[in-house]
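Below: one structure, written as structure tokens.
Protein chains: 2
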Amino acid sequence: MNETFVTNWKSQVKKGTLTFIILNVLKENEYYGYELIEQIKQHTEIEIAEGTLYPLMNRLKTENLVDSKWVEQETGIPRKYYALTPTGIKTLVHMNEYWKNLESAIQKIIK
Amino acid sequence: MNETFVTNWKSQVKKGTLTFIILNVLKENEYYGYELIEQIKQHTEIEIAEGTLYPLMNRLKTENLVDSKWVEQETGIPRKYYALTPTGIKTLVHMNEYWKNLESAIQKIIK
DNA sequence: GCAAAATACATAGCTATACAATGTATCTAG
DNA sequence: CTAGATACATTGTATAGCTATGTATTTTGC
């Protein structure tokens, strides 16, 4: 098998997929950046580089899909918490629809 | 909802996904380029631009995952048929494994 | 007590891929 | 005989993930 090809492919699959995962995670709860990386690693075994996440969150904010607020800690570095905006919620509905169709189409092809 | 964001997101999701779909389609049969675009449009509603497919097929060939042969037609333009190589078959097994895990992880998050 | 690792943010530069635009050539239908 | 479908291909652009790097604080191991 072509190892480097698969490695690169996995990275390409993440384009779009990560955005989708993060928005869905934020649907349930507010999270701060570092926590998102940890949560997703535990629940999906997907590793998100910090250099991927922080620019991504800024894009989502620019696109008005999420909002953020700084929360001071009694001890340690302040955390920036992210939450979906109403636009983010509506947008996610459409994304979930598209994903569902894509997924069932791929299921048929793989089987 | 953020329309342009969703449009762009769909394009990003295709990165990696298209490769995966095409390799799986070629698992069953040989196809030529134009035919692949048509087949996938019908079965998945996913539209692949020609400017996407032909460079993609060349990459797959460079990576030794597919092989191609020209087939002359009694009438009309010759067709370039693609088939998986042994390396392509082995590589696809690993990709299917990764996709299966990714998919079930996303299922849990979306639900 | 001090060094290493973990926590928590962030950016710059590199690379890979999808897409629009464009081009060539042949065949078919109105 | 012309528009559209068939069939290939390339060039340039934009996007997004990754590595490397940086700052700062806190915890853990020796």
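Just so you know, the protein sequences line up as chains A and B, in that order.
Going left to right, the first sequence walks through residues 7 to 117 as our numbering numbers them.
Going left to right, the second sequence walks through residues 7 to 117 as our numbering numbers them.
Each residue gets a CB set at the ideal place from its N, CA and C atoms; glycine is no exception.
All of these numbers come straight from a predicted model, not from anything done at the bench.
query	result
Under the three-state DSSP convention, the category Ala111(A) falls into	helix
Given Tyr37(A) as reference, the closest of Trp105(A), His100(A) and Val72(A) once Cα atoms are compared	Val72(A)
Reduced DSSP secondary structure (H/G/I, E/B, other) of Leu32(B)	helix
Exposure of Lys20(B), with buried meaning 16 or more beta-carbon neighbours within 10 Å	buried
Proximal residues of chain A, C-beta to C-beta of Gln18(B) below 7 Å	Lys21 and Gly22
Neighbour list for Val31(B) in chain A, Cβ cutoff strictly below 8 Å	Ile115
is_contact[Tyr104(A), chain B] using C-beta, thresh 8 Å	yes
Cβ pair Met101(A), Leu29(A) closer than 8 Å	yes
Whole-number beta carbon distance between Asn107(B) and Glu3(A), since they are thought to touch under 8 Å	Only positions 7 to 117 of chain A appear in the structure, and residue 3(A) is not among them; the question remains open.
Endpoints, beta strand (DSSP E) assigned at Lys75(B)	Val72 to Val77
Bridge partners - Lys86(A), DSSP secondary structure assignment	Trp76(A)
C-beta contact flag for Tyr87(A) and Met63(A) at 8 Å	no
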